[in-house]
Every structure is written in C-alpha cells, then in structure tokens.
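Undergrad: Residue numbers (the working numbering), protein chains in the order written: chain D, 1 to 728; chain F, 1 to 267; chain X, 1 to 246.
The following block contains the structure, expressed as structure tokens.
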Amino acid sequence: MTQLFTRRDFLKITGATATAVAAGGLLPASVAKAARDAGLIDPNGDGYIPSLCEMCVWRCGLLAKVRNGRVVKLEGNPDNPHSTGKLCARGQSGLMNTYDPDRVLYPLIRVGPRGGGQFRRATWEEALDLVAQNMLAIKEKHGAEAMIFSSTHNLSQVQFENLLNGYGSPNYGTQRSLCFNAMVVAFSLTYGVEEPSRDYTNVKYVILVGRNLMEAISTSETRQLTAAVARGAKLIVLDPRFTKTAAKATEWIPIRPGTDAAFLLAMINVIATEKLGDCDFVSRYVNGCQELPQVMAEYTPEWAESKCGVPADTIRRIAREFAADRPDAMIHPGWRTSNFINSFQTERAIATLNAVVGNVLTSNGCLVALNPEASGVKLGKPPQPAYPRVTALRLDGVPWKYPLVPLKLGIFQNIRDAILTGQPYQARGWFIARQNPMLSLPDRRKTAEAFGKLDFIVDVDIIMNDTAWYADVVLPEASYLERYDPLNALAGKIWLRQPVIEPQGEAKSALWIYKQLGERLGLGDYFQYADEEDYLRQQLAPTGITLDELKLRGWADPPKEEKVEEDLKFNTASGKIEVYSQTLANAGFSGWPAWEEPPAPAADQFYLLTGKVGQHTQMGTQNNKLLNQVFKFQGLWMHPSEAAKRGINQNDKIRVKSEVGEVVTTAYVTQAIRPDCVYLTPGFGHLSKGLRVAYGNGASDSDLHVTYTDPISGGQALSQTFVTVEKA
Amino acid sequence: MSHEYIPLSLRKKLFNKEIKKHNLANILTHWFNVLSWLLLLPTGLGILASPRLGLVPEVWLDATRQMFGGTANLIKFHYSVGLLWMFVLTFNIFIGFRKYFVSFAGERMLLDKDDIEWLKVKPLQMMGLLKGKTLPPQDAYNAGQKAYSYVVILGTFFIGLTGVIMTFSKYIPWKWLVQWSLPVHFSAVGAVFAGVIIHIYMGAAFPEERSAFFSMFTGKVNALYARLHHYKWYQRKLQEEDDWEERVLAEGRELRTKEHAAEAAGD
Amino acid sequence: MATNTKKRYGFVIDVSRCIDCRACLVSCKVENSVPEDHTRIWVRDLGVEGEFPNLKQTFVPYNCMHCEEPPCVDVCTSGATYKDPENGLIQIDQEACIGCGLCLPACPYNVRYLNPETGKADKCNGCIQRVEQGLQPACVQTCVGDARTFGDLNDLNSDVSIALKNAKSVQRLATDDVDTGPNIYYINGDVMQASLLPREPSYASAETFWRKVAVPAVVAGVGLSFLGQAVFFAKQLVDGEKDFEE
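Here you go:
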C-alpha cells in the first residue's frame with residue numbers, strides 16, 4: 001500500500017530547514033525550545049516534531065504536529081517499526097492526555113484525611129523537601145527496606161531503579177506480576193529470552209491463546225496479524241469470549257477458562273506421538289524432546305476434551321494442521337498471562353509447541369528468540385558509585401519464597417499483602433511513579449486498607465488518578481509530549497522521546513524529579529547529569545551520535561557490535577531450548593510442562609473474565625474525553641441463557657459478588673461469551689473525584705478480584721475469581 | 001374619474017396651488033427603502049442556488065457570485081444591507097421620527113366606511129365597469145394605498161424578522177424556526193414585491209397620479225389633485241389653512257392693539 | 001449533477017480487515033476539530049450474529065459517500081455545498097452555508113451534522129486539507145488494519161483501483177430504490193444490511209412548503225401583478241397622453 005506520508009514529505013511540507021533556526025528569535029516564547037533549536041519548527045511556530053507515544057507500552061514512534069506552541073495532531077512515524085505510520089485510538093487521543101483539564105500541574109500536599117482528596121498547592125522546594133524528609137526519617141527509624149518503590153515499567157525506569165538502589169531498599173514493585181510473569185518466566189526458562197519477538201511475514205497458521213491482538217492493540221503487530229489473515233493465514237483463537245480477534249479468526253474455540261494447558265498438552269501429545277514435528281531441528285536445538293511421547297502420553301485429546309470441553313477431534317485436527325504448516329506455524333507466546341495459576345504451564349506448553357515445529361530461530365522464522373541485549377546497541381550512562389549492599393529480605397518473597405521469580409519482575413500483590421500482615425517486617429512508606437496500584441491490584445478493599453496503614457505515600461503522576469487521590473504528596477510529572485526520557489532501543493536503533501511543547505504549569509520530567517529527590521536524599525552521586533539533555537548526551541557518548549541530529553529525526557542508527565554468527569545457541573543452562581527444565585525440577589516443580597487442575601466455579605457462580613478494549617489502556621485513560629466519545633462502558637457481559645434464568649434483561653441493574661467484594665453495574669447480555677463466564681472491562685469505576693470524566697463511570701473489577709499468586713512465576717490469577725450475579 | 005364637477009376657474013386656481021403632503025422623513029425613508037430593495041432583491045434571488053428549488057436562472061446565480069466574488073461575499077452583502085435596512089427603519093419608526101409616525105399612522109392608515117366602499121367600486125371601474133358611479137371621498141391615502149401599506153408593513157416585519165433569524169441562525173436552538181424562515185422570508189418578499197409592482201406602476205406611470213409621483217421628491221401635491229383624489233384630506237388642509245390665516249390675522253390684530261395701546265400710553 | 005470530474009476521489013474499505021479499533025474516529029475528530037457530541041465518520045458494528053458458539057461479527061467503516069448525484073447539493077439553499085469539479089469530493093463552503101440544515105435529512109446516509117459552535121453544516125470533507133499536501137486522509141493514514149484506502153478511482157494505478165481489482169467481492173451501499181452513486185466501495189465482506197442501506201432523501205416540511213406552495217404562489221402572485229399592470233400600461237399607451245389632465 002502506498003504510503004503517501006513519509007518523513008521526507010513532512011519536512012518538505014513544513015519547510016523546516018536549518019534557516020528556520022535563525023528565525024528563532026521571532027517565535028512565540030511558548031514553543032518548545034528544543035524543537036526550535038533543532039530547526040523543526042518554522043518561523044510561524046508550525047512543524048512536526050518526532051517523539052514517542054506513551055499511551056501504552058508499545059511506545060509507537062510519533063510525529064507531533066505543532067502549531068503556535070500547541071500540539072494539534074499526532075501521526076504515527078513511518079520510520080518507527082512499532083508504529084509503521086499508524087497510531088491506534090489511544091495514540092491519536094494523546095492530545096487529551098496532555099491537555100486534560102484534570103492534569104495535576106503543581107506539586108500537591110495533602111490536607112485533611114488520606115483519600116479525602118483535599119490538597120494544597122506547594123512549591124517544588126517544599127514538596128521535595130517534605131518527601132525527602134519523610135523518606136530519610138523512615139530509613140533512619142525503620143531501615144531503607146521499610147520504603148517501597150514501585151513503578152510500571154517505562155523509559156525512565158532506569159533512573160527510578162537508580163533511586164531505589166541508591167536509597168538501599170530491596171522492595172521494588174512493578175506491574176509485571178499482574179500481567180507478564182507467567183509468560184516471561186516460562187520463556188526465560190525454556191528459550192532463555194523473556195519474550196521472543198514475532199515475525200508474521202511468512203506465517204500460515206497462528207494460534208492465539210487469549211492474546212486479543214485486535215483489542216489489546218500493539219499497533220504494528222496488530223497490523224501484521226491482520227495482513228497475514230488477509231493474505232490467507234489461518235487464525236485459531238482460544239478464548240472463552242468472542243472477542244474482536246475471534247471475530248476475525250478462521251476458527252474460534254470457546255475454551256473453558258483455565259484449561260488452555262490441557263488443549264496444548266494434548267496438541268504436544270498428538271504431534272509427538274504422530275511424529276509431526278521438525279525432527280531435525282528438535283534433536284539439534286531442543287532438549288527433552290525424545291521423551292515427549294512418553295511424558296505426554298496421558299494428555300490425550302480425549303482426556304483434554306474432558307477438561308476443556310473442546311471435542312477431541314478438533315484438538316487432534318488443529319494439532320495436525322499446525323504441524324503441517326511448519327515452520328510457518330506459530331502459537332503466540334502471549335502477553336497478559338495472569339489468568340490462572342496454571343497459566344505458567346500454559347506458557348510452557350506454548351514454548352514447547354513452537355519448539356517442536358521448529359519455528360524458533362534466532363534470525364529467521366516466526367518466533368525470534370534473540371536476547372534483546374544481543375541487538376548490539378551500547379549506550380552510555382552517567383558515572384555513579386556502587387550501590388549500598390542490601391541485606392533485608394524483600395517483602396514480596398522473592399527469591400526467598402519464590403526462587404524462580406526474577407528480581408526485576410517481583411510479585412507486586414505480595415507487597416500490598418505484606419503491608420497488611422506486617423510480615424516479614426512492617427513497611428512504612430511507598431514511593432509510586434507512573435502506576436495506579438489503587439485500581440490495578442486485585443481486591444481493592446485490601447489495597448485501600450494497605451494504603452491506610454502506611455506513614456507516608458508519595459505519587460508521581462500527571463493526573464489525579466486513584467492512587468494520587470490517596471497519596472500524601474503528589475508530584476506532577478510532565479506528560480509524554482512535554483518531556484525528555486532516557487533513550488529507547490528498538491530493532492537495533494535508538495529512539496528519542498523529546499518535548500514537543502513546553503510543559504504546562506510546573507510539571508517536570510521524571511529525570512528531573514528523581515535527580516532533585518535523589519540529591520535531597522544524599523544520593524546526588526547517583527544522578528550525575530546536569531539536566532535531561534546532559535543525561536541524553538551521556539547516553540549517546542559511545543555512539544558518536546549528537547543529540548541535535550537525534551532530535552531532528554527522532555531516531556538514529558548507532559554503530560553496533562559485530563555479531564559473530566555462531567551456531568544457534570539459546571541463553572539457557574544447556575544452551576538448548578529446554579522443554580525439560582532442570583532449573584524447575586531443582587526448585588521442586590515439574591521439569592516438564594504439566595497439567596495442574598484449575599479451580600472451577602460452583603453451580604451458581606461464573607468465571608469472572610478480564611480483558612482489554614482497543615480504546616483504553618488499563619486504568620489510565622478513562623478520563624480522556626476523546627476516548628470516552630468512542631467507547632462507552634458496557635457493564636457485565638453475560639450469556640442470554642444465564643441472564644434469563646435470573647430475570648435479567650439488557651441494561652438492568654445487577655449486583656456482582658465475589659468473596660472479597662461486590663459491585664453494582666448494568667448487564668450487557670450477549671451471545672459472545674460462554675454461559676459459565678461473565679466479563680467486565682477493567683479500568684473503570686474510578687474513586688478519584690479529581691477525574692471529572694472518569695469518576696462514577698462504570699465499575700471496577702478490582703473490587704471483586706481475589707488475590708491468587710502462582711508459586712512458580714509469581715503471576716496473578718485474575719480469572720480464578722468466581723462471582724455470583726443477581727438483579728439489583 | 002367619477003367625481004363631482006369642478007368649474008374651470010376653480011380648477012385653474014387649484015392646479016397652480018400646492019399643498020405639502022409628505023415631510024422630509026417620509027421622503028427619505030421612502031427612497032431609502034427603494035435603494036434597499038434595489039440592493040436586496042437581486043442579491044437575495046442570487047443566493048437561492050438550490051437546484052431542487054430551481055427558481056433562479058443559472059446565469060443570474062453566476063453573475064451575482066461573479067460580482068461579489070463568491071457565495072460567501074454575496075450572502076454577507078445581502079444580510080449586511082438587510083440588517084442596515086432593518087436598523088434604519090426601526091430607528092426611524094420608533095425613535096427618530098416617532099412624532100411623525102404616530103400621527104401618520106392614525107391619520108393615514110386605518111380603513112373607514114368610505115374606504116370599504118371605494119374598494120368595492122374602484123377595481124371594477126378600472127376594468128371599465130361602473131363608469132357613472134361616484135367614488136366615495138378618500139383621505140390622505142386611498143383605500144388601495146392603505147391596503148398596500150398593510151402588505152408592506154406586515155411583509156417588511158416578517159422579512160426583517162426571518163432575515164435576522166437566518167443571519168444569526170447559529171444562536172437559534174430551534175432549527176425548525178430557521179428552516180421555516182426560508183419560505184416565510186421568500187413569501188413575504190414575494191407578497192410585498194407583487195404590491196411594489198402595482199405601487200410603481202400606479203405611482204410612476206399611471207397618468208392620474210403624476211402629481212403624487214413628484215410629491216415623492218418635492219413633498220408637495222397640487223391642490224386640484226388633492227381635491228379630486230384625496231378630498232377628505234384636502235378639506236382638512238383647507239381647514240388648517242383657514243385656521244392658520246385666522247391665527248395670523250388674530251396675531252396681527254393683537255399686535256396692532258398692543259401698538260395702539262403703547263402709543264396712547266406714550267403720549 | 002456533475003459526474004465528469006477530473007479526479008474521482010473515493011474510499012475502498014476492506015471489510016475483512018476492520019477490527020473496530022476506532023483509531024480512525026479519534027484521528028478524524030482531532031484533525032477536523034469535530035465538536036464533542038458529533039462525528040464525521042463511523043465504524044458500524046453489525047452486532048454479534050448467530051448463536052453461541054457459531055458467531056460472526058462484522059465492522060463496517062462508514063462516512064460521507066461523496067456521491068455522484070448528491071441530494072445534499074441538490075437541496076442546499078445557497079449552493080454552499082458543492083461537488084468539487086476537480087476531484088468529486090462533496091465540500092461545504094463554511095462561509096456560504098447559512099445553517100438552515102435542510103441538507104441533513106436529505107442525505108440518505110445521515111452523515112451530516114450542524115456544528116453547534118459555528119451553526120454551519122459539516123461532514124467528512126475527504127481531509128482535502130491533507131490530500132492537497134500529499135497526505136492521506138486522517139482516518140486512512142492511521143487505520144491499523146489497513147482497512148481504509150483512499151484515492152482517485154479514475155486512476156488505474158491508485159491504491160483504490162488496485163484494491164478493487166484484487167477484491168474478492170465488491171459492494172456499494174445502494175439499492176434499486178436509492179442509488180445516489182456512492183463513492184465508497186466495500187470489498188471482501190457483506191455490508192448489504194438493512195441497518196446500513198441508505199434511506200430515501202427526506203426533506204423538512206419547511207422545504208416542501210417552500211417548493212410546493214410558496215414558490216408557485218409567489219410566482220403566480222408576482223406574475224399576475226405584473227401582468228395586470230402591463231395591461232393597464234399598454235392601455236395607457238394606446239389611449240395616448242392627454243395634455244390637459246387634472
């Protein structure tokens with residue numbers, strides 16, 4: 001398809017040239033100085049500035065159209081492999097994220113009770129001093145470990161971790177255990193990479209286990225999958241709900257929740273027994289495959305049918321079809337895999353299946369198991385002293401209770417629980433950045449209770465989210481269109497996030513905030529950069545690329561280490577793909593992918609499913625007016641037969657109860673879900689009155705979710721919550 | 001004309017005498033209206049480009065757009081002149097010349113028995129019937145002119161009201177009001193224009209009304225015309241003149257009396 | 001109506017590729033400053049069809065059809081709405097629009113709205129401000145599934161022509177009763193559903209009154225008046241002037 005819109009075109013259109021720099025004196029003061037200096041903006045203050053989206057973790061490259069110091073339109077950057085010139089609904093709505101009238105633009109200090117939403121405006125001086133004072137007090141009285149640091153992974157994470165490690169606390173919370181852990185731990189153990197990248201160029205057969213790519217949009221990947229289906233690739237979707245991805249599938253399999261592993265193990269059984277795999281590949285690069293037929297013997301399709309409800313013939317057929325298209329057949333590794341405790345085994349089965357059909361290669365093939373570090377991009381960083389030694393145990397039980405969970409992932413929900421139990425010690429403070437645990441953690445009542453127990457809570461956010469509402473100090477971060485962040489490496493290139501407008505109010509970048517706070521905590525040596533641009537220059541130092549040229553294009557191609565083409569070697573203990581994992585066995589778990597029976601709801605209960613919509617990102621976008629105009633909260637999805645049994649009609653008020661809480665919402669009666677399941681779109685039901693659009697809109701499933709943690713990967717099991725539904 | 005016989009000497013005397021019929025306000029307003037209509041009617045028609053309505057020939061649609069440099073400018077011109085027209089009329093009637101207008105309205109606009117009778121006879125006479133019948137005497141304006149004035153006043157009111165509604169349609173929340181303003185504006189213009197055609201012919205071309213035509217410039221009609229066509233008004237004017245003469249004579253007598261008295265006292 | 005335009009800009013929508021992500025809706029809204037409760041484009045969800053587990057769901061992107069014979073142009077009071085002779089797009093000259101709103105019900109596809117801020121009629125303009133700069137319309141540029149394409153249907157090498165050539169099926173939202181010559185082509189999916197098919201153009205009662213009652217009445221009245229006076233004038237000329245009149 002011809003892309004009329006290329007980088008060269010837009011430069012031509014705006015006439016942005018070096019001579020525009022000379023006219024900088026004529027520009028309005030409000031125009032971002034950086035872009036002006038880079039010559040990206042013409043004398044009228046109009047132009048396109050390249051940067052990176054932050055409306056979700058995919059971080060598409062974007063081009064921000066600026067006029068008179070305001071962003072007026074966002075476009076995907078055609079040069080960026082995650083965008084390929086497109087932005088999804090959330091990316092397109094990014095203007096409202098920055099210009100949301102409910103933005104927090106000044107530091108706020110709580111007055112009145114916690115959670116009362118009463119704040120007074122403070123200067124940065126006062127706010128930062130207060131935060132440092134409290135954090136130092138906690139460190140002195142209770143030890144650094146009494147301070148929790150949590151942040152959802154983002155580009156400034158490296159400096160967040162710097163603060164955490166410099167301060168000396170082991171308690172690092174990320175959102176990973178609410179999302180990725182099962183996938184990451186399974187693939188780390190099996191392939192040696194956290195997440196193999198996917199190549200749809202030649203794929204003929206794709207199986208998605210959940211992974212609602214048409215709604216949990218990762219722009220370029222969603223685009224590639226759509227293209228693959230359009231050119232004839234078969235798409236099989238295993239999902240208890242008829243999602244939009246299922247609507248585009250060749251075959252939708254409404255599998256019983258929690259039983260994906262049975263289906264997949266039976267597939268392994270068929271392929272191994274009927275010898276349909278890539279024998280050559282398997283013997284060279286995969287260990288444990290000789291034993292597979294015996295190990296998987298019990299997982300027959302008939303057995304699987306009794307577990308997952310899918311006819312044995314179907315399972316058998318799909319296994320054969322999948323193998324027949326090898327190596328151009330792929331089972332997607334998954335994304336949010338926090339469904340059941342046995343999701344870990346599901347992921348292990350997926351990894352195994354991909355391996356036995358030989359589609360996992362390091363440079364070619366559907367799944368690319370390259371170690372991200374092996375992309376060869378070497379960035380610099382400011383000098384800093386070594387971190388203090390930390391001896392305290394982590395509150396989340398890693399690794400002392402959970403030996404296989406990587407430290408960088410952690411178990412977020414355990415931190416919250418530890419605040420309540422006070423075991424192994426009482427946490428006193430919480431530093432939260434770019435994260436909304438008040439709404440994202442399961443069992444909201446518990447989270448509110450945990451917040452209540454702490455001495456001090458500080459939150460870095462751009463808007464008065466629920467977590468900020470419950471904080472003691474809110475530090476306003478500049479939005480992604482208003483700030484620099486550390487460089488992003490993607491596909492062997494480095495990508496820049498730069499401000500396209502001046503930050504509004506007194507909002508500041510995380511780089512600035514962490515440095516300011518660090519200095520007040522006596523950690524100035526860990527933040528040896530004068531400002532954001534200095535930090536970036538230090539990152540760029542080994543590459544020979546200047547910040548100015550990076551600003552102009554938004555990306556650069558740094559010289560990379562010459563990769564020695566060696567025989568395929570995976571980053572595992574044996575150097576091969578480990579279908580059988582000794583590491584797992586040593587830790588006392590099954591070394592083979594194995595079946596673990598999931599819990600099932602009682603007769604009058606439903607599985608409470610969660611998922612995504614293409615117009616929102618988790619808990620963060622519900623205040624965005626533009627997105628609210630294109631998506632309306634639907635209420636609880638329910639099958640007509642079950643609704644009829646309870647006398648419930650479309651839009652009726654209903655009460656949904658779990659063992660930890662209840663919500664009142666409306667019914668959305670639909671054929672598009674298994675009768676034994678209900679579904680609620682997450683992220684709604686905000687408590688913060690500071691979100692004037694989101695407040696009071698919809699209900700939150702975090703009020704219902706029971707906290708379950710997988711002992712192997714530490715992942716949450718969000719669909720193991722069972723609920724009753726009745727008319728309200 | 002069917003009216004009472006007037007002897008020759010009187011006719012000649014009356015023909016050479018003039019009576020003031022229209023004050024300056026009247027005259028200016030009249031010609032201001034004429035100018036406004038000359039600007040508004042052609043441009044208004046030029047705006048009506050709807051093929052479905054199919055009313056105005058394309059040559060005129062193109063010409064007006066050419067003249068003003070596009071539809072937008074044509075419309076702006078039309079409503080600007082329209083608003084000005086409305087403003088001036090409103091000002092004249094209610095503020096500027098209120099003193100004139102109120103008496104004007106009372107004296108010249110209401111229909112009486114003679115008017116009704118006239119309306120029954122005159123149209124037939126114009127078609128050549130009832131030649132012998134005497135027309136009832138008319139006031140400053142004959143019944144036909146009074147009827148016309150109703151059409152004009154009512155029509156102008158609705159033209160202006162609907163014009164304002166359409167110009168400021170952005171602020172009108174009831175879109176049905178804006179939409180109905182279109183045919184109402186059009187119909188009111190049409191009704192008044194139909195009347196204007198008669199008015200122009202009667203005023204400018206019809207031989208009997210020649211004196212009236214020039215009165216729209218000079219303000220005066222000749223007394224013979226007045227006696228023949230607007231007898232009741234003429235009588236009133238004569239009376240006024242007599243009264244005036246009386247007043248002047250009385251003033252003179254008073255003055256002379258005063259002078260005599262002063263003289264006598266001065267001795 | 002003018003159908004002989006130099007270019008014939010139109011859309012081709014690959015129905016099989018639309019995933020209802022609604023990026024196009026947001027992109028259009030921002031690009032064209034569309035007011036809050038209105039939209040220039042839609043993704044019509046035909047709903048979940050069938051019974052569990054044999055289900056189907058189709059998403060149909062939808063906007064102004066830039067018709068060959070647009071009823072909106074036909075009814076526009078001031079001629080503000082017109083079909084661009086250069087490229088066939090239906091445009092609204094905002095300054096020439098008087099906000100009468102007669103065009104809204106006239107559109108068989110209901111794609112027009114009155115902008116509450118300006119009082120004028122508005123709709124998809126084919127992002128002509130972008131197309132003139134060599135860019136794609138905002139919805140097409142950002143379409144994640146590559147369902148939307150735009151281009152010159154008269155040009156055999158354009159995206160749209162190529163898409164039509166390779167299509168497995170081609171439909172337009174038109175019926176035997178209502179065919180205004182829409183220039184959005186739907187490929188690789190069935191969109192001929194009652195909820196999407198166009199309705200007859202409809203007209204405000206004020207317009208019908210205007211056309212059927214007021215115009216004939218005024219024409220008749222003015223005509224009669226003119227005729228009447230013309231007769232008298234002719235008679236006057238025939239009778240000749242009298243030198244001694246009153």
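C-beta atoms are modelled at their ideal positions from N, C-alpha and C, and glycine is treated no differently.
What you are looking at is a predicted structure, and each value in this text was computed from that prediction instead of being measured.
Output needed in chain order: residues of the stretch 5–35 of chain X with a Cβ under 8 Å from some Cβ in chain D.
TA: Per Cβ criterion, the list reads Asp14, Ser16, Arg17, Ile19, Asp20, Cys21, Arg22, Ala23, Leu25, Val26, Ser27, Lys29, Val30 and Glu31.
Undergrad: As a quick exercise: from F:Met216, F:Glu259, F:Val184 and F:Pro57, pick the residue whose alpha carbon is nearest that of Thr29 of chain F.
TA: Nearest C-alpha to Thr29 of chain F: F:Met216.
Undergrad: Checking contacts by CB at 8 Å: is Thr724 of chain D closer than that to chain X?
TA: Not closer than 8 Å to any Cβ of chain X, the Cβ of Thr724 of chain D fails to qualify, so no.
Undergrad: Can you give me the C-alpha to C-alpha distance between Leu89 of chain X and His38 of chain X, rounded to a whole angstrom?
TA: When rounded, the distance between both Cα atoms is 21 Å.
Undergrad: Taking the alpha-carbon of Leu114 of chain X as reference, which of X:Val34, X:Ser195 and X:Cys28 has the nearest alpha-carbon?
TA: The candidate whose alpha carbon is nearest that of Leu114 of chain X is X:Val34.
Undergrad: Using a Cβ cut-off of 8 Å (strictly closer), state whether Ser306 of chain D contacts chain X.
TA: No, its Cβ sits nowhere closer than 8 Å to a Cβ of chain X.
Undergrad: Would you kindly report the start and end of the unbroken beta strand (DSSP E) that includes Thr58 of chain X?
TA: Counting along the chain, the beta strand (DSSP E) containing Thr58 of chain X begins and ends at Asn54 to Asn63.
Undergrad: Express the C-alpha separation of Glu36 of chain X and Leu102 of chain X in angstroms, rounding to a whole number.
TA: Rounded to whole angstroms, Leu102 of chain X to Glu36 of chain X spans 22 Å at the Cα level.
Undergrad: Kindly indicate if chain D contains any beta-carbon less than 8 Å away from that of Gly126 of chain X.
TA: It does not: the Cβ of Gly126 of chain X has no partner Cβ on chain D nearer than 8 Å.
Undergrad: Pick helix, strand or coil for His230 of chain F, following the three-state DSSP scheme.
TA: Looking at His230 of chain F - three-state DSSP - the assignment turns out to be coil, as it is neither helix nor strand.
Undergrad: I'd like to know whether the C-beta atoms of Gly744 of chain D and Cys21 of chain X end up nearer to each other than 8 Å.
TA: Residue 744 of chain D lies beyond the stretch modelled for chain D, which goes from 1 to 728, so this question has no answer here.
Undergrad: Verify the CB distance criterion: does Pro180 of chain X have a CB-CB separation below 8 Å to chain D?
TA: With the sequence shown as reference, residue 180 of chain X is identified as Thr, and Pro is not the correct amino acid for it. With 8 Å as the cut-off, Thr180 of chain X does not count as an interface residue toward chain D.
Undergrad: Considering only C-alpha positions, which residue in the set X:Gln91, X:Cys72, X:Thr5 and X:Trp210 is nearest to Pro105 of chain X?
TA: If we check each option's Cα against that of Pro105 of chain X, X:Cys72 comes out closest.
Undergrad: Arg120 of chain D lies in the beta strand (DSSP E); which residues open and close that run?
TA: Note, Arg120 of chain D: beta strand (DSSP E), Phe119 to Arg121.
Undergrad: Along the chain, where does the alpha helix (DSSP H) containing Lys493 of chain D start, and where does it finish?
TA: Note, Lys493 of chain D: premise wrong, no alpha helix (DSSP H); beta strand (DSSP E) at Lys493 to Trp495.
Undergrad: Is Trp60 of chain F close to chain X, meaning its C-beta is less than 8 Å from at least one C-beta of that chain?
TA: No - not a single Cβ of chain X is within 8 Å of the one on Trp60 of chain F.
Undergrad: Taking only beta-carbon positions, decide if Lys175 of chain F is within less than 8 Å of chain X.
TA: By this cut-off, Lys175 of chain F is an interface position.
Undergrad: For Val405 of chain D, tell me which candidate among D:Val474, D:Asn181 and D:Met135 has the shortest Cα-Cα distance.
TA: The candidate whose alpha carbon is nearest that of Val405 of chain D is D:Asn181.
Undergrad: Give the secondary structure of Ile258 of chain F by DSSP, where H, G and I count as helix, E and B as strand, and everything else as coil.
TA: What sits at residue 258 of chain F in the sequence shown is Lys, not Ile. If DSSP states are grouped into helix, strand and coil, Lys258 of chain F belongs with the helices.
Undergrad: Note down, in chain order, every chain F residue with its Cβ under 8 Å from the Cβ of Trp210 of chain X.
TA: Ordered by position in chain F, the residues that pass the 8 Å Cβ test against Trp210 of chain X are Leu53, Leu182, Pro183 and Phe186.
Undergrad: Between the stretch 74–93 of chain X and the stretch 120–128 of chain X, do three or more beta carbon pairs fall short of 8 Å?
TA: Verdict: yes, contact present.
Undergrad: So with CB distances below 7 Å, who are the chain B contacts of Ala223 of chain F?
TA: Going by chain labels, chain B is absent from the structure shown, which instead holds the protein chains D, F and X.
Undergrad: Within the same chain, show all residues whose beta-carbon is closer than 6 Å to that of Lys730 of chain D, passing over the 5 residues directly before and after it, in chain order.
TA: Outside the displayed range of chain D (1 to 728) lies residue 730 of chain D, so it cannot be described from this structure.
Undergrad: Kindly list the residues whose CB is nearer than 6 Å to the CB of Ala319 of chain D, restricted to its own chain and excluding five residues on each side of it in sequence; keep chain order.
TA: These residues qualify, in order along the chain: Met267, Val270 and Ile271.
Undergrad: Run down chain X in chain order and give the residues with a C-beta less than 7 Å from the C-beta of Lys170 of chain F.
TA: Those are Gly99, Thr118 and Gly119, listed as they occur along chain X.
Undergrad: Using DSSP with H/G/I as helix, E/B as strand and the rest coil, what is Trp176 of chain F?
TA: If DSSP states are grouped into helix, strand and coil, Trp176 of chain F belongs with the helices.
Undergrad: Between which two residues does the beta strand (DSSP E) holding Pro476 of chain D run?
TA: Pro476 of chain D -> beta strand (DSSP E) spans Val473 to Pro476.
Undergrad: Is the number of C-beta pairs between the stretch 228–238 of chain D and the stretch 568–582 of chain D that are closer than 8 Å three or more?
TA: In short, these stretches do not touch, since the Cβ pair count stays below three.
Undergrad: Apart from the five residues on each side of it in sequence, which residues of its chain come closer than 7 Å, Cβ to Cβ, to Ile75 of chain F?
TA: Same-chain partners within the cutoff: Ile47.
Undergrad: Based on Cα-Cα distance, which residue from D:Trp335, D:Cys53, D:Phe527 and D:Pro101 lies nearest to Ser197 of chain D?
TA: Answer by Cα proximity: D:Trp335.
Undergrad: I'd like the list of long-range same chain contacts for Leu55 of chain X, defined as Cβ closer than 8 Å, with 5 residues on each side in sequence excluded.
TA: Cβ neighbours of Leu55 of chain X beyond the five flanking positions: Val48 and Glu49.
Undergrad: Below 8 Å, can you find three or more Cβ-Cβ pairs linking the stretch 656–665 of chain D to the stretch 443–462 of chain D?
TA: A contact exists between the stretch 656–665 of chain D and the stretch 443–462 of chain D.
Undergrad: Locate the beta strand (DSSP E) running through Trp430 of chain D, then write down its first and last residues.
TA: Trp430 of chain D -> beta strand (DSSP E) spans Gly429 to Ala433.
Undergrad: What residue from D:Leu608, D:Gly683, D:Ala694 and D:Ala262 has the CA that sits closest to Cys677 of chain D's CA?
TA: Of the listed residues, the one whose Cα sits closest to Cys677 of chain D is D:Leu608.
Undergrad: Leu292 of chain D: which of D:Leu353, D:Thr243 and D:Phe340 sits nearest, CA to CA?
TA: The shortest Cα separation from Leu292 of chain D among D:Leu353, D:Thr243 and D:Phe340 belongs to D:Leu353.
Undergrad: Taking the alpha-carbon of Pro42 of chain F as reference, which of F:Lys258, F:Met86 and F:Val189 has the nearest alpha-carbon?
TA: Among F:Lys258, F:Met86 and F:Val189, the Cα nearest to that of Pro42 of chain F belongs to F:Val189.
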